[in-house]
Amino acid sequence: MRKKKFYIVICLILTLAFFCSGCGRKSSSRWQDGYYTATMEEYSFGWKEFVTICVMNNKIVSVEYNAKNPAGFIKSWDIAYMRNMNADQGTYPNRYTRVYGAQLLEKQSADEIDTVAGASSSGGNFRKLAAAVLEHAETGDTEIAVIPVEKEEE
381 MRKKKFYIVI
391 CLILTLAFFC
401 SGCGRKSSSR
411 WQDGYYTATM
421 EEYSFGWKEF
431 VTICVMNNKI
441 VSVEYNAKNP
451 AGFIKSWDIA
461 YMRNMNADQG
471 TYPNRYTRVY
481 GAQLLEKQSA
491 DEIDTVAGAS
501 SSGGNFRKLA
511 AAVLEHAETG
521 DTEIAVIPVE
531 KEEE
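Position 30 of the sequence shown, counted from 1, bears residue number 410 in the numbering used here, the numbering being contiguous throughout.
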């Protein structure tokens, strides 16, 4: 009789341990930790846009959005370009790249990015680039994602 009770208790403990083994665990992560980058496939008006994010503990902790020319010069550093664009569009790369990056950091989603007036083309590219890096973060793919440029139909 004692042996029978002993086996029942052991079975109950093992059953309880089996069902509770998942207790207290976090649900599977949406994103894997790491750095992820996406770039446009081609240069547009001499610039190729890119986004790099850092993910830690299933959260985007940093975002860099910018563009560079074939020599590697960063668009946000081009003072002449900034002056011309600001006079014409009311914004400039050093401003709108930070706004778009801050929105991704705050909202943790590429779907909810609001367009900055005067930088709508860059906003569309940013959403595509952001979606690509987040897709790579889901799988842990650290290869650079290359986004094709949509050609305007004539």
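Think of the CB as a built atom: it goes at the ideal place given N, C-alpha and C, for glycine as much as any other residue.
Report yes if the C-beta of residue i is less than 8 Å from at least one heavy atom of the ligand GDP; otherwise report no.
| i | result |
| --- | --- |
| ARG410 | The model on display carries no ligand, and the ligand GDP is accordingly not part of it. |
Check the C-beta distance from residue i over to residue j and give it rounded, since I have them as a contact under 8 Å.
| i | j | result |
| --- | --- | --- |
| TRP411 | VAL435 | 5 Å |
| ALA499 | ALA512 | No, ALA499 and ALA512 are not in contact; Cβ-Cβ is about 19 Å, not under 8 Å. |
| ILE493 | LEU484 | 7 Å |
| SER456 | ASN449 | Actually they are not in contact, since the Cβ atoms of SER456 and ASN449 sit about 12 Å apart, beyond 8 Å. |
Between the C-alpha atoms of residue i and residue j, what's the straight-line distance to the nearest angstrom?
| i | j | result |
| --- | --- | --- |
| GLU523 | TYR416 | 7 Å |
| PHE453 | ARG478 | 17 Å |
| GLU518 | LYS428 | 25 Å |
| LYS508 | LEU514 | 10 Å |
| TYR476 | ILE393 | 59 Å |
| PHE413 | VAL529 | Residue identity differs from the one stated: residue 413 is Asp in this sequence, not Phe. Their backbone Cα atoms lie some 28 Å apart in a straight line. |
| GLY503 | ASP491 | 12 Å |
| ILE433 | ALA497 | 24 Å |
| PHE425 | MET462 | 14 Å |
In terms of DSSP beta bridges, what is residue i paired with?
| i | result |
| --- | --- |
| GLY414 | VAL435 |
| SER442 | CYS434 |
| LYS384 | Its beta-bridge partners do not exist; DSSP assigns none. |
| THR477 | Per DSSP, none; premise fails for THR477. |
| ILE454 | LYS448 |
In chain order, what residues of the same chain have a beta carbon less than 6 Å from the beta carbon of residue i, not counting five sequence neighbours either side?
| i | result |
| --- | --- |
| ASN466 | TYR472 |
| LYS439 | none |
| GLN469 | GLY498 |
Leaving aside the five residues before and after residue i along the sequence, list all residues of the same chain whose C-beta is less than 8 Å from its C-beta, in chain order.
| i | result |
| --- | --- |
| ILE527 | ALA418, THR419, MET420, GLU421, ASN505, LYS508, LEU509 and ALA512 |
| LYS487 | ILE493 |
Checklist entry - Going along the chain, which unbroken runs of the alpha helix (DSSP H) with 4 or more residues stay wholly within the region 479 to 527? => result 500 to 519
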